[in-house]
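Structure, as structure tokens:
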Amino acid sequence: MQANYNFTEIEKKWQTHWEKTQQFQTTEEPGRDKFYLLEMFPYPSGKLHMGHVRNYSIGDVIARHLTMKGKNVLHPMGWDSFGLPAENAAIKNGIHPNVWTWDNITEMREQLKTLGFSYDWEREVATCHPDYYKWMQWIFIQFFNHGLAYKKKNPVNWCPSCQTVLANEQVVEGGCERCHTPVGKKDLEQWYLKITDYAERLLNDMDGLDGWPTKVKTMQRNWIGKSIGAEVDFPISGFAETMRIFTTRPDTLFGVTYMVLSPEHPYVEKLVAGTEYQNQVADFRKKVQYLSDIDRTSTTLEKEGLFIGRYAVNPMNGKEVPIYIANYVLMDYGTGAIMAVPAHDQRDFDFAVKYEIPIVPVIDPCDDTIDLYDLKEAFVSEGKLINSGPFDGLDSETAIEQINQYLEKENIGKKTVNFRLRDWLISRQRYWGAPIPMLHCDHCGWVPERLENLPVLLPTDVEFTGKGESPLTTSKTFLEAECPTCGGKATREIDTMDTFLDSSWYFLRYTDAKNEMEIWDKDKAKYWMPVDQYIGGVEHAILHLLYARFFNKFLYDIGYAPSVEPFTNLLTQGMVLKDGTKMSKSKGNVVSPEEIIQKYGADTARLFILFAAPPEKELEWSDAGVEGSFRFLNRVYRLVFELRDELKDAPKEYTVATEDDKELAYHLHSAIKKVTEDLGNRFNFNTALSAVMILVNELYRYKTVRERNEGLLRHAVESLVLVLAPFTPHICEEMWEQLGHAGSLYKEPWPTYDEKATIKDEVEIVVQINGKGKEKIYVASGLSKEAFLEETLANPKVGALLEGRQVVKMIPVPGKLLNIVVK
RNA sequence: GCGCGCGUGGCGGAAUUGGCAGACGCACUAGAUUUAGGUUCUAGCGGUAACCCCGUGCAGGUUCAAGUCCUGUCGUGCGCACCA
């Protein structure tokens, strides 16, 4: 051991040791408590950033702590390695995506290793490896065989910059999730996964996810967007088909004064064909089509519409009402058509005022301040029904029930549940993804590739232009194939899968990552699943976490996933900021992990990140704070260096004798207790570390006292090294060795504490007068309420306080305070 | 507009159950060590000259006691948003 803390040497030494001894490789041990700890695997961009370091440092503390506590910990790592950046690099630099990606993986793996994370590298997966995407394709075929994958022509979100379609979830504020380019619409035939079949379960099963942040659950609930209402059919005068609408307010049916079709609604063309309205309607539709999604859905956009010369019949009262098309009705929600009740819906109200359509109130608010026949705005709450024939006088809730029954009895509608969630569009017109393992045959239609032919390999003879169709069309070898069903000529699907599919099941593959015969051994999956703790950025609250839950449920249904939900506990870590904003190249405020590791070592980097803020909060990077963490590690190192020779031979048994001993024992056991609780019950690493720092300060005090108790001191220093080990593993291994132990400290059990030692004989008590602290006194701890009151009153300081005052009440809180209420 | 968070010293943050507000760290100040700087060590560090007193965004309320609970309000961050 050198006198100076040589972190470079120490970290290299122990990383090599862990690798050589296969310290963190795990296998199933039935009967032993398992813990599956998972951090979101990274996209291999080539460079690790601070967000990664934070994510994985948090995970590593938990993994190492639980390992020391005797759990069988699964802690894997891998690569979400399909995706657009690789392809863009290929277009720009002429490097094949495969080469680019694997180079990056190699580089990032090395970086992760310099941070000393306790991964079982034997389980590493890369989604771009054929051994992985073979099973991705297998899952797709399972979806197809169960009727949950289908191809459909539909207007889809198109990112002109990425030259590909996007799922609804990947459109953020009308722009592409990745490049923020405004997204347009294109009519394309694409593959979809029927996630909507799982909407109800995805929603309901969240009730059991107590270990998830409310925020994430709320976001998913809103995204799924369940609304209960009714579908009602309105006959159209002079037209064979009826107009089906969805409403959440069947109680307002009698207040309908007009109807609206979405401009894209398939009926529109037929309804105006050959009429004087035909041209106007065509113009209007064109105008709406050119609007981007951002404008179309903006609340500030003026409502515009057009009467199309047709009338619908209200099935409740037989009244005819005009049919409009309008920009505020969207084709892809509900039925793409609405009934308009201007008196009780603000949007309809605005529209009715603009186009001078009658406003008929049917819900009485029972409020004198509202004049129902001269409304200034729509009354949108519930109330009592009026102008509603046989339903007059009912409150909204009862009316909804009775009207729904009436609708069903008369066969004009029924109670319906509607979801905001759309089916998941998974086709991508790009190269660097898993090929969709489907073939089209003129005789058999769309058929899946035979399982024994998987994987459908990505062809390598492909040109990258970044334009037009999927690059797979440029392959001479890929397109033509044999139909798996009839043996005739068939053509392969040229689109690849959205990379979010790859990351929707990797956590299951880790349980048996190298299996070539099946997707995973069910017994192995059963041993490890579900993931006990999942850690990652909140930006995945909807996309990844919803998709992964969907995949897991499907795989559960077909007997492959052992649990209904994949992730029991979820921790969403906060962002790493510098100067108050997210680190980014364009702002020039990026702090590179490599630099910090080189200057201070991985242990310092980890310590700073864990100490500066609680994990779920944002973390402001501070160079001075890093210095402080480095200083602390030096301080601990010096302490051990100075004491090691005498402590090596110190007795293992000891008795706490002097007041100084008691003080050290108190701090020792308090620190162990605090760290144990903060790591076990809640992940507050910052407060755990502050407890460790207090212990170090105490040890510096204790080593200067006249009568040192070597046995106690040894126990204290060794415990210090052990409780600090999950946070800063390398320096702790080194110190452990220097204290005379052979091998890794991760074979040591987690230190235990003596509750009695954490309680002082005498405790400080605050004496309050009317709730204000006046005196501090010491009394024995552990007293009953009565004895406590007696003791405190016997104290002369309290006596002095009572002098000349009229006591109304005494409130004793044993061990804490005495509040005396006086007049 | 709707939903969910968050507002505590110069800064990051602590106070887990309603019970001493400001743990721990950073920055700062003074002193010791050092030829000097750095390192290290010691002490101080919410406001106020000061004891009293005042202090957890603001205004109320409940309570013997409120950073913590309730009502309102302002600010801020995130999510969703013409969802019928």
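With the working numbering applied, the first sequence covers 2 to 824.
A virtual CB, placed ideally from N, CA and C, is assigned to each residue, including glycine.
Residue i (DSSP reduced to helix, strand or coil)
i, result
"I404", "helix"
"N771", "coil"
"F568", "strand"
"H66", "helix"
"R709", "coil"
"Y259", "strand"
"Y37", "strand"
"R311", "strand"
"E321", "strand"
"Q171", "helix"
"M584", "coil"
"R1", "In the structure as shown, the chain starts at 2 and stops at 824, and residue 1 therefore has no counterpart that could be examined."
"F380", "coil"
"Y535", "strand"
"T605", "helix"
"Y44", "coil"
"L455", "coil"
"S630", "helix"
"Q281", "helix"
"E765", "strand"
"Q574", "strand"
Those residues which DSSP pairs with residue i across a bridge
i, result
"I246", "V233"
"W447", "H441"
"L194", "A150, W425"
"A338", "L262"
"F612", "DSSP lists no partner for F612."
"K385", "D365, D396"
"N73", "K35"
"M811", "I821"
"I358", "Per DSSP, none; premise fails for I358."
"N99", "Answer is none; N99 lacks a bridge partner."
Integer Cβ distance of residue i from residue j, believed to fall under 8 angstroms
i, j, result
"V62", "L680", "7 angstroms"
"P436", "L452", "No, P436 and L452 are not in contact; Cβ-Cβ is about 15 angstroms, not under 8 angstroms."
"V768", "E776", "4 angstroms"
"I237", "T336", "Their Cβ separation, rounded to whole angstroms, is 14 angstroms, which puts I237 and T336 out of contact at 8 angstroms."
"A344", "P362", "4 angstroms"
"N908", "P251", "With the chain running from 2 to 824 in the structure shown, residue 908 is simply not present."
"L721", "L696", "6 angstroms"
"V657", "A666", "5 angstroms"
"P156", "D188", "5 angstroms"
Inter-residue spacing [alpha-carbon to alpha-carbon] between residue i and residue j
i, j, result
"I196", "W425", "6 angstroms"
"L725", "T759", "19 angstroms"
"A788", "V780", "10 angstroms"
"V532", "P567", "6 angstroms"
"V354", "G310", "19 angstroms"
"L544", "E170", "6 angstroms"
"D1", "L571", "The question about residue 1 has no answer here: the residues shown for the chain are numbered 2 through 824."
"D284", "Y278", "10 angstroms"
"Y57", "V591", "18 angstroms"
"F352", "K216", "35 angstroms"
"P449", "S428", "15 angstroms"
"V539", "T573", "5 angstroms"
"A274", "P267", "12 angstroms"
"G560", "H441", "29 angstroms"
"H50", "F642", "34 angstroms"
Cβ-based neighbour list, residue i, same chain, cut-off 7 angstroms, excluding 5 preceding and 5 following
i, result
"E619", "G575, M576, L578"
"V322", "V257, T258, Y259, M260, Y312, A313, N315"
"W139", "L452, L455, I520"
"V74", "T27, F36, L38, A64, L67, T68"
"S609", "Reading off the sequence, residue 609 comes out as Phe, not Ser. Around F609: G626, V627, S630."
Close beta carbons around residue i, own chain, < 8 angstroms, minus the five adjacent residues each side
i, result
"E464", "P472, T475"
"E517", "D132"
"V809", "V822, V823, K824"
Own chain residues within Cβ distance below 6 angstroms of residue i, not counting five before or after
i, result
"L39", "F508, V532, Y535"
"G52", "V577"
Any non-hydrogen atom of the ligand COA closer than 7 angstroms to residue i Cβ
i, result
"D499", "The ligand content of the structure shown is nil, which means the ligand COA is not present either."
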